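One structure is given here, and the rest of the page talks about it.
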Amino acid sequence: MHVGMSTVFQNPGKRLSDYEVYRNELRLADLAEPLGYESIWGVEHHFTDYTMCPDVLQFLSYMAGRTERAKLGSMVVVLPWHDPVRVAEEFVMLDNLSDGRVVVGVGRGLARVEYAGFRLDMNESRQRFNESAELLVHALEEGYAEFDGELVNQPRVEIRPNPFRTFQGRTYAAAISPESSIILAKLGVGILIIPQKPWHDVQYELASYRATYQEVNNSEPPAPVVVTFAYCDEDEERAAEMSRKYVGGYWESVMRHYEFRSDHLKTTRGYEYYGGFTDKINTYGDRDVVDFFVNLQVTGTPEQCYQKVMDIYGYTGTDSLVAAFSYGGMPYDDAERSMRLFASEVMPELKKFEPNPGWG
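Put into structure tokens, the structure is as follows:
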């Protein structure tokens with residue numbers, strides 16, 4: 280199994296300066312390759328302390344120059360916020376710079392504050408994402424961009440430098456709603472899973488995605504990539520306490536950033552599925568929702584972390600786990616300790632595990 284790590288550049292409550300956060304996050308990223316993590320990932324967000332990486336490909340270009348082997352993944356570049364031709368150019372350029380180490384990850388975004396900041400209409404996001412993703416997927420394979428859509432219109436232009444190898448099997452998109460996963464199947468794109476719903480629901484939706492993918496592409500889809508907010512500690516009680524505090528703190532930042540206590544997503548075209556989160560929060564209460572989110576993640580002693588990954592594999596057939604170790608205002612010494620313990624005790628066992636081809 281492939282094991283990677285992600286940075287999220289969170290600064291909740293501005294406990295540190297943004298500069299200090301960057302120094303610490305980059306220090307953790309620099310540990311990834313020496314500790315044996317096989318990929319480094321970043322995520323695009325804007326305007327708040329939720330995560331402070333407005334240009335994920337710039338971050339990955341920096342890490343490309345500081346590493347030799349680690350794959351470089353975006354989770355995600357939010358396509359509706361960009362000219363898709365520029366996104367294609369930037370992915371291909373980074374792939375040339377890094378000797379083919381790029382893993383493409385794209386999404387459509389969910390935060391009203393970010394759409395407003397870019398002066399974009401969220402009601403158009405699904406259509407804009409669909410058209411941009413279709414342009415991007417073809418541009419990465421064919422070496423030119425051309426599209427005639429409702430929102431994206433692009434006369435043919437060459438992508439230079441040219442792609443020098445296929446991006447098939449290393450292009451993914453984040454999907455939470457069932458509708459999005461079917462769209463991705465039709466594009467021949469893999470699924471990037473950031474746990475937010477019961478695993479049996481994920482399993483059911485992946486089955487629909489897989490069936491559509493096989494029908495359209497006449498082949499098996501790539502196994503999904505699963506992202507987790509990980510905490511590993513030798514002491515079970517401390518692991519539970521730290522996970523509840525900091526994974527729970529991360530979930531609270533999710534609630535604020537995406538305004539899940541508001542009803543606005545229910546009336547925003549293409550986001551009706553997410554509007555249901557508000558109802559669930561009101562039904563179950565904040566504490567139960569936090570506990571639910573914490574329990575989805577890979578936390579605990581090394582043995583518990585390994586077993587949780589195996590449980591996730593049983594639901595998803597994943598062959599790639601990406602772990603974030605710093606989030607929710609966790610002190611960086613604790614994040615580094617967790618990252619090192621996971622690398623020494625959990626990662627070797629995961630790397631021995633060979634996922635079955637064809638999704639387990």
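Following my numbering from start to finish, the sequence shown increments by one per residue and tops out at 639. Glycine included, each C-beta is placed from N, C-alpha and C at the ideal position. As the structure is a computational prediction, the values presented were derived from the model and not from experiment.
Counted within 10 angstroms of its Cβ, other Cβ atoms place phenylalanine 556 as buried (16 or more) or exposed = buried
Which residues does DSSP pair with glycine 579 in a beta bridge?
-> Cys511
In angstroms with no decimal places, state the Cα-to-Cα distance between aspartate 297 and aspartate 565.
-> 29 Å
Distance between phenylalanine 443 and lysine 545 (C-alpha atoms, nearest Å) = 43 Å
Start and end residues, beta strand (DSSP E) containing serine 285 | 281-285
Excluding the 5 residues preceding and the 5 following glycine 245 in the sequence, name in chain order all residues of the same chain whose CB lies nearer than 6 Å to its CB.
-> Coverage of the chain is limited to positions 280 through 639, which leaves residue 245 absent and any answer about it impossible.
Exposed or buried, what is glycine 639 when buried is set at 16 or more other beta-carbons lying within 10 Å of its beta-carbon?
-> Note on glycine 639: pLDDT 43, under 50, position unreliable in the model; the coordinate value appears next. That one is exposed.
Using beta-carbon positions only, say whether phenylalanine 604 and methionine 626 come within less than 8 Å of one another.
-> no
Between the C-alpha atoms of tyrosine 592 and alanine 602, what's the straight-line distance to the nearest angstrom?
-> 15 Å
Kindly indicate which three-state DSSP category serine 318 falls into: helix, strand or coil?
-> strand
Could you tell me whether the Cβ atoms of threonine 595 and valine 505 are closer together than 8 Å?
-> yes
May I ask you to report which of helix, strand or coil DSSP gives asparagine 303?
-> helix
Return the residue from the list His536, Ile560, Val300 and Val385 that minimises the CA-CA distance to tryptophan 360.
-> Val385
Three-state class that DSSP yields for glutamine 493 in the structure shown = helix
Kindly indicate the opening and closing residues of the alpha helix (DSSP H) around glutamate 425.
-> That residue, glutamate 425, is in no alpha helix (DSSP H); its beta strand (DSSP E) goes 423-427.
Taking just the CA atoms, how far does glutamate 513 sit from glutamine 433?
-> 55 Å
Can you tell which of Leu389, Cys511, Ala367 and Arg616 has its C-alpha closest to the C-alpha of threonine 547?
-> Leu389
Taking C-beta to C-beta, are valine 416 and threonine 450 nearer than 8 Å?
-> yes
Out of Met521, Pro313, Ala454 and Glu515, state which residue places its alpha-carbon closest to the alpha-carbon of tyrosine 640.
-> The shown model of the chain, from 280 to 639, leaves out residue 640, and the question about it has no answer.
Considering glutamine 433, what are the terminal residues of the alpha helix (DSSP H) in which it resides?
-> First-last for glutamine 433: 432-437, but that is the beta strand (DSSP E), not the alpha helix (DSSP H).
Let me know the secondary structure DSSP gives serine 532 once reduced to three states.
-> helix
Taking the DSSP output, what are the residues bridged to valine 505?
-> Ile472 and Leu600
Of all the options Lys350, Phe338 and Lys293, which has the alpha carbon lying nearest to the alpha carbon of threonine 327?
-> Lys293
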